[in-house]
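Colleague:
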Amino acid sequence: MGNGKEHPSTRISSSSNLPTAQNADYPFKHGMEPSSHPINTSSTTSGIVGTEDNTPNYKEAEAPCTSSNVEESNEDRPNSRETKNGSAGTSQFVQMDGGDMIEEPKSGMEFNSLENLMSYYKQYAKKCGFGVMTRRSERGEDETVRYVTLGCARGGKARNRTLNVVKPRPTRKTDCKAKINALKVEGKFRLTTVYNIHNHDLSLKKSRFFRCNREVSDSVKRVLDTNDLAGIRMNRSFGSLVVDVGGTENLPFLKNDCLNYIDNARHLRLGKGGAGALREYFCKMQYKNFGFFVLMDFNDDGRLKNVFWADPRSRAAYQYFGDVVTFDTTYLTNRYEMPFALFVGVNHHGQSILLGAGLISNEDTETFVWLFQTWLQCMDGIAPKAIITDYNRAMKNAISIVFPESRHRFCLWHILNKVFEKLNSHGSYKNGLKNALMKCVYDTQSVEEFEKCWDQLITTYNLHENAWLQSLYVEREHWVPAFLKSFFWAGISTMQQSKSMDAFLYGYVHAKANLKEFIDQFDNVLKKKIENENSADFHSFNDTIPCISKSPLEKRFQDLYTNAKFREVQQQLTGIIDMDPALLKRDGAVKTYLVDDEICVEEFTKLVTHYVDFSEEDTTAKCSCGLFQMSGILCSHILAIFKCNGIKSLPDMYILDRWRKDIKRRYTLIHSSYDTEDHRADANRYSSLLNVCYQMITHAAGSKEHTEDATNKLYAMIDLYRDNQGPPSRTLIGFNVGCTTKDTTTVGSSKQVLNPLVVRGKD
Numbered sequence: 001m002g003n004g005k006e007h008p009s010t011r012i013s014s015s016s017n018l019p020t021a022q023n024a025d026y027p028f029k030h031g032m033e034p035s036s037h038p039i040n041t042s043s044t045t046s047g048i049v050g051t052e053d054n055t056p057n058y059k060e061a062e063a064p065c066t067s068s069n070v071e072e073s074n075e076d077r078p079n080s081r082e083t084k085n086g087s088a089g090t091s092q093f094v095q096m097d098g099g100d101m102i103e104e105p106k107s108g109m110e111f112n113s114l115e116n117l118m119s120y121y122k123q124y125a126k127k128c129g130f131g132v133m134t135r136r137s138e139r140g141e142d143e144t145v146r147y148v149t150l151g152c153a154r155g156g157k158a159r160n161r162t163l164n165v166v167k168p169r170p171t172r173k174t175d176c177k178a179k180i181n182a183l184k185v186e187g188k189f190r191l192t193t194v195y196n197i198h199n200h201d202l203s204l205k206k207s208r209f210f211r212c213n214r215e216v217s218d219s220v221k222r223v224l225d226t227n228d229l230a231g232i233r234m235n236r237s238f239g240s241l242v243v244d245v246g247g248t249e250n251l252p253f254l255k256n257d258c259l260n261y262i263d264n265a266r267h268l269r270l271g272k273g274g275a276g277a278l279r280e281y282f283c284k285m286q287y288k289n290f291g292f293f294v295l296m297d298f299n300d301d302g303r304l305k306n307v308f309w310a311d312p313r314s315r316a317a318y319q320y321f322g323d324v325v326t327f328d329t330t331y332l333t334n335r336y337e338m339p340f341a342l343f344v345g346v347n348h349h350g351q352s353i354l355l356g357a358g359l360i361s362n363e364d365t366e367t368f369v370w371l372f373q374t375w376l377q378c379m380d381g382i383a384p385k386a387i388i389t390d391y392n393r394a395m396k397n398a399i400s401i402v403f404p405e406s407r408h409r410f411c412l413w414h415i416l417n418k419v420f421e422k423l424n425s426h427g428s429y430k431n432g433l434k435n436a437l438m439k440c441v442y443d444t445q446s447v448e449e450f451e452k453c454w455d456q457l458i459t460t461y462n463l464h465e466n467a468w469l470q471s472l473y474v475e476r477e478h479w480v481p482a483f484l485k486s487f488f489w490a491g492i493s494t495m496q497q498s499k500s501m502d503a504f505l506y507g508y509v510h511a512k513a514n515l516k517e518f519i520d521q522f523d524n525v526l527k528k529k530i531e532n533e534n535s536a537d538f539h540s541f542n543d544t545i546p547c548i549s550k551s552p553l554e555k556r557f558q559d560l561y562t563n564a565k566f567r568e569v570q571q572q573l574t575g576i577i578d579m580d581p582a583l584l585k586r587d588g589a590v591k592t593y594l595v596d597d598e599i600c601v602e603e604f605t606k607l608v609t610h611y612v613d614f615s616e617e618d619t620t621a622k623c624s625c626g627l628f629q630m631s632g633i634l635c636s637h638i639l640a641i642f643k644c645n646g647i648k649s650l651p652d653m654y655i656l657d658r659w660r661k662d663i664k665r666r667y668t669l670i671h672s673s674y675d676t677e678d679h680r681a682d683a684n685r686y687s688s689l690l691n692v693c694y695q696m697i698t699h700a701a702g703s704k705e706h707t708e709d710a711t712n713k714l715y716a717m718i719d720l721y722r723d724n725q726g727p728p729s730r731t732l733i734g735f736n737v738g739c740t741t742k743d744t745t746t747v748g749s750s751k752q753v754l755n756p757l758v759v760r761g762k763d
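The numbering of the sequence shown is the UniProt record's numbering, which starts it at 1 and goes up by one.
1. Beta-carbon separation of T365 and A398 under 8 Å?
2. What does the Cβ neighbour count give for A341, buried or exposed, with the cut at 16 atoms within 10 Å?
3. Just to confirm, are F321 and N299 a CB contact at a threshold of 8 Å?
4. Considering only residues of the same chain and omitting the five flanking positions on each side of T248, which have a CB-CB separation below 6 Å?
5. Please tell me whether, using a cut-off of 7 Å, the distance from the CB of A277 to the nearest non-hydrogen atom of the ligand NAP is below it.
6. Looking only at DSSP bridge pairs, what is V220 linked to?
7. What is the rounded straight-line gap between the Cα of F253 and the Cα of S237?
8. Using a Cβ distance threshold of 8 Å, determine whether the stretch 170-180 contacts the stretch 146-155, with at least three qualifying pairs required.
9. Please name the residue in K188, R658, T444, T707 whose C-alpha comes closest to that of T609.
10. Does S237 come out as helix, strand or coil in the three-state DSSP assignment?
11. Could you check the C-alpha separation between V569 and L584 for me, to the nearest Å?
12. What do you get for D228, buried or exposed, if any count of 16 or more other CB atoms within 10 angstroms of its CB means buried?
13. Which residues in the same chain as V245 place their Cβ atom closer than 7 Å to its Cβ, once the five residues preceding and following it in sequence are excluded?
14. Would you mind sorting H464 into buried or exposed? The rule is 16 or more other CB atoms within 10 Å of its CB.
15. What number of angstroms, rounded off, separates the C-alpha of N392 from the C-alpha of V324?
16. Return the Cβ separation of S361 and M379 in integer angstroms, given the expectation that the two are a contact with Cβ distance under 8 Å.
17. Would you mind working out which of S549, F566, V145 sits nearest I577, comparing C-alpha positions?
18. Given this structure, state the Cα-to-Cα distance separating E405 from K221, to the nearest angstrom.
19. Could you have a look at A582 and say whether DSSP puts it in helix, strand or coil?
20. Identify, in the order they occur along the chain, each residue of the same chain with its Cβ nearer than 8 Å to the Cβ of I545, setting aside the five sequence neighbours on each side.
21. Kindly indicate which residue of G129, Y147, A125 has the alpha-carbon position closest to the one of R135.
22. Could you please give the first and the last residue of the uninterrupted alpha helix (DSSP H) stretch that includes D455?
23. So, at 6 Å on beta carbons, what are the nonlocal neighbours of R665 in its own chain, with the 5 sequence-adjacent residues on each side left out?
24. If we count the other Cβ atoms within 10 Å of its Cβ and call it buried at 16 or more, is T389 buried or exposed?
25. Between the beta-carbon of A316 and the beta-carbon of Y667, is there less than 8 Å?
26. Taking the CB atoms as reference points, tell me whether C635 and Q572 lie closer together than 8 Å.
27. Indicate the three-state DSSP secondary structure (helix, strand or coil) for S615 in the structure shown.
28. Distance, Cα to Cα, H478 vs H408?
29. Using 8 Å as the threshold, is the C-beta distance between residue 764 and L355 below it?
30. For L412, tell me which candidate among L714, Y261, T326 has the shortest Cα-Cα distance.
31. Look at the alpha carbon of L594 and the alpha carbon of R586, and state the distance between them as a whole number of angstroms.
32. Does the distance from the C-beta atom of E616 to that of A640 stay below 8 Å?
33. In the DSSP output, which residue or residues are listed as bridge partners for K184?
34. Three-state secondary structure (DSSP) at Y391?
35. For T329, does the count of other Cβ atoms within 10 angstroms reach 16, so buried, or fall short, so exposed?
36. Using DSSP bridges, identify the partner residues of C600.
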């Protein structure tokens, strides 16, 4: 920097090498006395590179901002002696950190490049308390800048740009005239005009808030990117940066700068976030794995209404865990407020597992019918044995249409969550009403007991006119445990999995994301779910939980069940200790026992008597508690009866395949479309064979003869490899990317896809 010979007064320390100066004053070399406004910049520090919003040809400086790692002075210096301009008189200096000096701008100073000029003026402005912006620039014939005006960021006149006169927007503009003009002469920029007088106060303490002093370094960007990809929220990421430097005052940027960077980085990673980008994303997913299923529903104007998708792993997992499915639409966290619909099952560890997802535009019967039919098509037309939903009339209607043979029940947790809202205004709510209602739900073991208890509740508290309770009673077969115990594997335990899935997703799928970003956040959640399942598989195969008894029944469960489910069995076994079954009656080969059990309810315990029917012919038993029917785990009452009858070997019906760890489930070999990579050899071989099969199917399906020939050869190959391989996984449907509109536009077409309208949720 300089005019051939380096001017000593223009030496500026690199911002990265500046030592820390504590409580430093920045006097001019020729000490000047303070005075009132207007203010000369010789006694104040720091500024912001701002964008002039009043003059059309003003623009923010494009050169990267530099910032010193210094501590601000403890005193602001709003006043100094007025000077006409920086070009007259003796040179004046602002003291930099470590004793270095920076000369005030004056006419005749030269700089080797525009970048050097801007760096110098911003360094000077930072030590003098004002921001910098490019007010004007002109380019020559060679398209390089030949003339530039840099000035105080508070230059220009304030204009009220809002129509709300009662609440005008704040402005920083004070029509400040401080500026420098530079002309390119013989390849260097020479200052031709300098005006250093400001008409506003300046403060060193606030310098770190000015935009030109805020820069997110490359190393910090890498940390933010890594944390964002790992699903770590900005609060935690920024907090760790603050701890590293010993306080927010030592950071050369603000939290909003980090948020802005991550927002831009996500857009670069994800591309555009509307419906068109979503379609492109799903096409890419289907290209990566032909088993990826997606269907997009558009209205007549080409605007996205609904979309459903399921990756191949979820589709194959349905073969093993599709007996009971939870369906929920409780997430409204995307930018268009579209309800997020999830089909969730329970795997062999008791973990929630995704079986499909969708974004819908409405929560009415018509929309749910479309979604359920699409999901059924995705799952090869195989309906679940039972489906659990919220207490919702539209869902109930749609399920009766699409899944007429499936057992539909309402989530008891959702219903009981509304008890306070619906009944707390009743005068006896805390004086017996709530407890009486809970007794009807939990303490009745038969339909007759429930009917009697409910009638007593309604009569005692005069609730005949309560519409909510009336509607629940009409639908009692869908939610009261006493009605559900007669249906094997009614799936009450799935309710808890639904809650855990809800809580899990809520922590990761957040913010008003665009559609593509929303899907990307959701994908990150699924990756974690898959990793959790893989970890549980590893521990079940390599870690053995010791038995707590010498019972051969416990030993068999230990050998066959996953660790999570074996612990549930052990929990029931511990309850046998205090049980003393009493024979009530005998009818041929069937014995009926009474089993007293103490149940803990909050801080209290109560005695409950259960009935157990035991058949000596086939050594089977049925308990009035219904635990096995509802959760697939033998209750302590039945185990106690087995013990007193000397049963040493369990009937096969009590060992459920869905909890076993010794079954090789083929869906675990399928690449998730969301996985970045998978190094397991068997999974790679599976995907490779699957892709070859899809190519063969494409060619063979062209004629009847080729189809018959391929079918015969495939069955022959199956017979050949059956002895050395487990059962083949279920067939996955090809051509799984499509959409539904009246004009049947394909997903891969070039027709413009419009974003969905913002949905107003029912709640």
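In this text, a Cβ means the ideal position worked out from N, Cα and C, and glycines have one as well.
Modeller: According to the structure data:
1. yes
2. buried
3. no
4. V242
5. Only the bare structure without any ligand can be found here, which leaves the ligand NAP out of the picture.
6. Answer by DSSP bridge pairing: none, since V220 is not bridged.
7. 13 Å
8. yes
9. T444
10. helix
11. 26 Å
12. buried
13. L251
14. exposed
15. 18 Å
16. The Cβ separation is near 23 Å, so there is no contact.
17. S549
18. 55 Å
19. strand
20. Q558, N563, F566, R567, Q570
21. Y147
22. 447-460
23. Y320
24. buried
25. yes
26. yes
27. strand
28. 6 Å
29. The displayed coordinates of the chain run from 1 to 763. Any statement about residue 764 would go beyond what the structure contains.
30. T326
31. 12 Å
32. no
33. F189
34. coil
35. buried
36. T605
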